[in-house]
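Colleague: Heads up: the sequence shown begins at 31 in the working numbering, then just goes up one per residue.
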Amino acid sequence: MIGIGILIKDKVFLRQFLVELYFIKKRFVIQGSAEDMKAVN
Numbered sequence: 031m032i033g034i035g036i037l038i039k040d041k042v043f044l045r046q047f048l049v050e051l052y053f054i055k056k057r058f059v060i061q062g063s064a065e066d067m068k069a070v071n
């Protein structure tokens with residue numbers, strides 16, 4: 031039972047970590063494209 035609880039907690043933590051990583055990547059991509067636009071202009 032304890033093992034299942036840890037497994038579920040790890041799954042939630044992993045999902046949260048992946049979501050945060052996704053948003054950080056998205057933000058960097060947006061910043062990078064904005065800087066590319068500045069370089070073009």
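C-beta: ideal position from N, C-alpha, C; glycine also.
1. Report the rounded CA-to-CA distance for Arg45 versus Asp66, giving the unit in angstroms.
2. Could you compute how far the alpha carbon of Phe43 sits from the alpha carbon of Gly62?
3. Rounding to the nearest angstrom, what Cα-Cα distance links Arg57 and Ala69 in this structure?
Modeller: With the given structure in hand:
1. What you label residue 45 is simply residue 15 of the sequence shown in a count that begins at 1. What you label residue 66 is simply residue 36 of the sequence shown in a count that begins at 1. Distance between the alpha carbons of Arg45 and Asp66 is about 31 Å.
2. As a first step, residue 43 is located in the sequence shown; it is residue number 13 there, counting from the start. As a first step, residue 62 is located in the sequence shown; it is residue number 32 there, counting from the start. Approximately 28 Å between the Cα atoms of the pair.
3. As a first step, residue 57 must be located in the sequence shown, where it is residue number 27. As a first step, residue 69 must be located in the sequence shown, where it is residue number 39. Looking at the two C-alpha atoms, the distance is approximately 18 Å.
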